[in-house]
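Here's the structure, in structure tokens; my notes come after.
2 protein chains.
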Amino acid sequence: MPQKIIALLHPGEMGAALGACLVGCGHRVLWASEGRSAASLTRAAAAGIEDAGSLARAVDAADLVLSVCPPHGALDLAEEVAACGFDGLYLDANAIAPDTTREVGAIITAAKARFVDGGIIGPPPVKAGVTRLYLCGAQAKEVAELFAGSHTDASVLAGPIGAASALKVCYAAWNKGSIALLATIRTLAQIEGVDAALLAEWAVSQPDLARRSESITTQSRKAWRWIAEMDEIAASFEAADLPPGFHQAAGEIYRCLDTFKDAAATPSMEAITRSIGRGVRK
Amino acid sequence: MPQKIIALLHPGEMGAALGACLVGCGHRVLWASEGRSAASLTRAAAAGIEDAGSLARAVDAADLVLSVCPPHGALDLAEEVAACGFDGLYLDANAIAPDTTREVGAIITAAKARFVDGGIIGPPPVKAGVTRLYLCGAQAKEVAELFAGSHTDASVLAGPIGAASALKVCYAAWNKGSIALLATIRTLAQIEGVDAALLAEWAVSQPDLARRSESITTQSRKAWRWIAEMDEIAASFEAADLPPGFHQAAGEIYRCLDTFKDAAATPSMEAITRSIGRGVRK
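Heads up: the sequence lines are chains V and W, in that order. For the numbering used here, add 19 to where a residue sits in the first sequence, where the first one is 1. For the numbering used here, add 19 to where a residue sits in the second sequence, where the first one is 1.
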């Protein structure tokens with residue numbers, strides 16, 4: 020298939036790995052260094068992604084804009100791209116609620132561009148077989164083909180715009196919801212003086228839980244961007260007349276941990292429970 | 020050790036099994052059939068528990084009162100026993116918040132009886148090695164010894180009154196919280212039309228989750244008594260300045276399922292998600 024030009028906004032860890040996949044498939048991938056961090060610069064260079072300088076120049080040159088950003092940035096980014104007069108294909112692959120996706124889609128189609136909804140499940144695709152990109156919308160197949168043969172398993176999901184986002188929401192609702200729940204339980208156990216007894220009981224009856232409850236230590240550096248994702252998940256539940264409380268609570272927990280964003284080392288479990296115990300109801 | 024007389028209030032499934040353990044240890048176990056169901060009568064008879072007729076007569080005869088009831092009944096039961104002028108040993112083994120336990124303890128000690136806090140983890144002890152009874156308070160050892168050699172592994176937990184309840188809360192917060200979360204996610208997936216896609220994705224990356232998400236079908240007959248337990252867990256989190264939302268939401272889910280209390284057969288997953296989807300925000 021002919022080489023495409025793709026504006027990748029922005030090369031975070033996930034974006035850079037997706038960009039590298041597209042470069043590997045023979046496409047030209049551009050980014051916009053203006054206002055971005057040194058870490059993005061390093062990641063983009065390593066992934067073979069070319070710097071177009073500004074967002075406007077990247078978008079002007081692009082057949083496809085690929086939006087991969089923290090969930091709280093998805094709507095603003097769509098507005099920025101629409102304001103550039105973009106009329107190509109726009110893929111939103113962010114962890115947002117189906118309703119938010121439809122809002123993004125409305126912004127994009129009002130600007131005369133075409134819109135594809137994407138949901139990424141798995142880690143950044145730096146090796147094969149671990150990352151799925153689900154796509155829906157009329158041009159889903161066209162987008163999936165761009166990734167053919169790469170480390171990103173892109174596939175078309177039946178359903179209207181919003182389905183790929185809904186699938187991602189359901190998946191993350193468990194993964195990130197259960198991590199927060201376990202971390203909160205460990206904090207309560209600490210506060211009530213029964214943490215050692217809980218670990219001893221789990222060792223007998225739920226042998227995997229001690230380890231799982233401590234996965235928060237390695238995940239805590241991502242807590243800052245999971246806050247808005249929990250808001251999006253809670254909104255998804257609420258829009259379906261289901262209780263949003265699980266993920267509102269999870270969002271509160273991740274808000275207590277956002278200071279671990281640039282932590283030099285993985286914090287201890289004690290540091291996590293101390294932050295949660297101190298931080299939620301300020 | 021000398022045989023004790025124990026008033027068991029009341030022989031539900033858990034209570035009857037604990038009663039059978041005590042009978043097996045040589046103790047006399049009494050219950051009060053007044054106002055109880057035919058099912059209780061059958062269970063008590065099968066467990067070798069003697070009918071004292073009224074609660075007052077059972078309590079008058081008893082060295083120990085063992086309170087095992089749905090969480091929403093724990094305080095009222097303590098009031099009833101205190102009103103009988105009971106001055107023996109009172110064990111509350113219910114799934115209640117540490118603060119509720121301390122309230123029960125205050126009622127009991129105001130009546131000049133002595134109080135032990137208990138937390139049961141595991142199913143009714145009808146076989147060995149699966150049910151633990153954690154006990155705390157000054158007479159915890161005395162109570163633990165009553166179960167020596169039975170199917171109930173009774174042990175003393177270090178800590179003040181409330182610690183055994185806290186341990187039970189932390190344990191159930193995961194088990195019952197995670198069942199509710201998974202059931203809600205399956206409901207959202209149904210509503211959004213991505214349930215088959217979610218199951219396919221889980222089959223690849225979380226192979227145990229499909230099965231776990233359907234454990235709600237066999238558990239749904241207990242949902243009616245988990246509603247108040249979720250309230251108690253939420254209150255435990257709130258008292259520790261932690262977010263109560265996980266279990267407030269779980270309580271909403273179990274409230275949708277209380278109609279399965281006397282279900283003749285295990286409902287299908289579809290019946291569960293339909294009830295949740297219809298029932299939460301009435």
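Glycine included, each C-beta is placed from N, C-alpha and C at the ideal position.
Only counting the same chain, and skipping five residues up and downstream in sequence, which positions put a Cβ closer than 7 Å to that of residue i?
| i | result |
| --- | --- |
| Ile198/W | Ser234, Ile235, Gln238 |
| Pro89/V | Arg244, Ala247 |
| His91/W | Ala247 |
| Arg231/W | Leu201 |
| Ser184/W | Ile115, Ala116, Pro117, Thr120, Asp136, Gly138 |
Check whether chain W comes within 8 Å of residue i, counting only Cβ atoms and requiring the distance to be less than that.
| i | result |
| --- | --- |
| Gly212/V | yes |
| Glu248/V | no |
| Leu154/V | no |
| Gln267/V | yes |
| Ala216/V | yes |
| Gly92/V | no |
| Gly124/V | no |
| Ala157/V | no |
| Gly178/V | yes |
| Arg151/V | yes |
| Ala97/V | no |
| Glu69/V | no |
Note the first and the last residue of the continuous alpha helix (DSSP H) segment covering residue i.
| i | result |
| --- | --- |
| Arg55/V | Element bounds for Arg55/V: n/a, residue is neither H nor E. |
| Gly296/W | 288-298 |
| Gly34/W | 32-43 |
| Ile115/V | Neither: Ile115/V is in no alpha helix (DSSP H) and is coded neither H nor E. |
| Leu74/W | 74-80 |
| Val162/W | 159-165 |
| Ile272/V | 264-275 |
Need the endpoints of the beta strand (DSSP E) that residue i sits in, please.
| i | result |
| --- | --- |
| Phe256/V | Here Phe256/V belongs to no beta strand (DSSP E); instead the alpha helix (DSSP H) covers 242-258. |
| Thr171/V | 171-175 |
| Phe134/V | 133-140 |
| Thr150/V | 150-155 |
For residue i, name the three-state secondary structure that DSSP assigns.
| i | result |
| --- | --- |
| Phe105/W | coil |
| Val213/W | coil |
| Val87/W | coil |
| Leu28/V | strand |
| Leu49/V | strand |
| Lys301/W | Any answer about Lys301/W is weak, because its pLDDT of 45 lies below 50 and its placement is not dependable; what the coordinates show is given next. Coil at Lys301/W, not helix or strand. |
| Ile235/W | helix |
| Leu261/V | coil |
| Asp95/W | helix |
So, at 8 Å on beta carbons, what are the nonlocal neighbours of residue i in its own chain, with the 5 sequence-adjacent residues on each side left out?
| i | result |
| --- | --- |
| Lys301/W | Confidence in Lys301/W is poor, its pLDDT being 45 and thus under 50, which makes the residue's placement unreliable; the coordinate value appears in the next sentence. Around Lys301/W: no qualifying Cβ. |
With a threshold of 8 Å between beta carbons, is residue i in contact with chain V?
| i | result |
| --- | --- |
| Cys103/W | no |
| Glu233/W | no |
| Cys40/W | no |
| Val299/W | Bear in mind that a pLDDT of 48 at Val299/W, under 50, signals an unreliable position, so the number given afterwards is only what the model happens to contain. So yes, Val299/W belongs to the interface. |
| Ile272/W | yes |
| Phe256/W | yes |
| Ser169/W | no |
| Ala182/W | yes |
| Ile139/W | no |
| Glu251/W | no |
| Pro262/W | yes |
| Ala163/W | no |
Could you name the residues of the same chain whose beta carbon sits closer than 6 Å to that of residue i, not counting the 5 residues immediately before and after it, in chain order?
| i | result |
| --- | --- |
| Pro263/V | Ala253, Phe256, Glu257 |
| Ala269/W | Gly196, Ala199, Met249 |
| Tyr12/W | Lying outside 20 to 301, the shown extent of chain W, residue 12/W is not represented and no answer is given. |
| Cys103/V | Ala75, Val78 |
Can you confirm whether residue i, when its beta carbon is compared against all beta carbons of chain B, has any partner nearer than 8 Å?
| i | result |
| --- | --- |
| Pro226/V | In the structure shown, chain B cannot be found, because the protein chains are V and W. |
Against chain V: residues of the region 106-122 of chain W by CB proximity under 9 Å: Pro117
Contacting positions in the region 277-289 of chain W - beta carbon closer than 7 Å to chain V: none
Interface residues of the region 190-206 of chain V facing chain W [CB-CB below 9 Å]: Hits within the stretch, in order: Tyr190, Ala192, Trp193, Asn194, Gly196, Ser197, Ala199, Leu200, Leu201, Thr203, Ile204, Arg205, Thr206.
Proximal residues, the region 21-50 of chain V versus chain W, C-beta separation under 8 Å: none
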